[in-house]
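Take a look at the structure below.
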Amino acid sequence: MIFKQIANLFIGDESVARAKRRAGKKYSERDLLRKESVIGRQLFGEIPAGHQREFFCLDERTWIWYEKWTDQASHKTQEQTTRYELHSNGIIKIQAGQPYQVMEGDELKNLMAAMKLYHDRVAEEVYQRDPATGRPLELADAR
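To convert, take the position in the sequence shown, counting from 1, and add 1; that gives the numbering used here.
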């Protein structure tokens, strides 16, 4: 049930998908991902000095969390990329050098809350759509 709700946010919301396709005629896919990532990186609070953070929806089944920072002790640049894949039976967390993990508990709840917030803000701020209805904001506001 919960995975169906998440999938509907990204696959089933056809009006937002249409808005994204229309925006894709004006902007490249990379430009749209950059615009979405600006929102995604803000969802988890202030980014520490010297850190770079990205969080975005790559496609209807894949989310990316990327963080880059300089280790204070070694002064070496560190990077970590986490990929989240949506499957019909759950969300899989994938990190280099780690076994695949099925998300559960608070970590899953927090990720889903971030995905929902991301969807709502991206729908409004990037595609000018009401996140609940998918309608253009000017039409949603006129009600």
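Just so it is clear, CB atoms sit at the ideal spot from N, CA and C, and this is done for glycine as well.
Item	Value
Best match in Glu55, Gly46, Gly41, Asp60 for proximity to glutamate 30 [C-alpha to C-alpha]	Asp60
Outcome for valine 103 when other beta-carbon atoms lying within 10 angstroms are tallied against a minimum of 16	exposed
According to DSSP, residues forming a beta bridge with tyrosine 101	Paired residue(s): none; tyrosine 101 is not in a bridge.
Separation of arginine 136 from glutamine 147, as counted between CA atoms	It is not possible to answer for residue 147, since the shown part of the chain is limited to 2 through 144.
With 16 other Cβ atoms within 10 Å as the buried cut-off, status of glycine 98	exposed
Own chain, CB closer than 6 Å to tyrosine 67, minus 5 neighbours either side, in chain order	Glu55, Thr82
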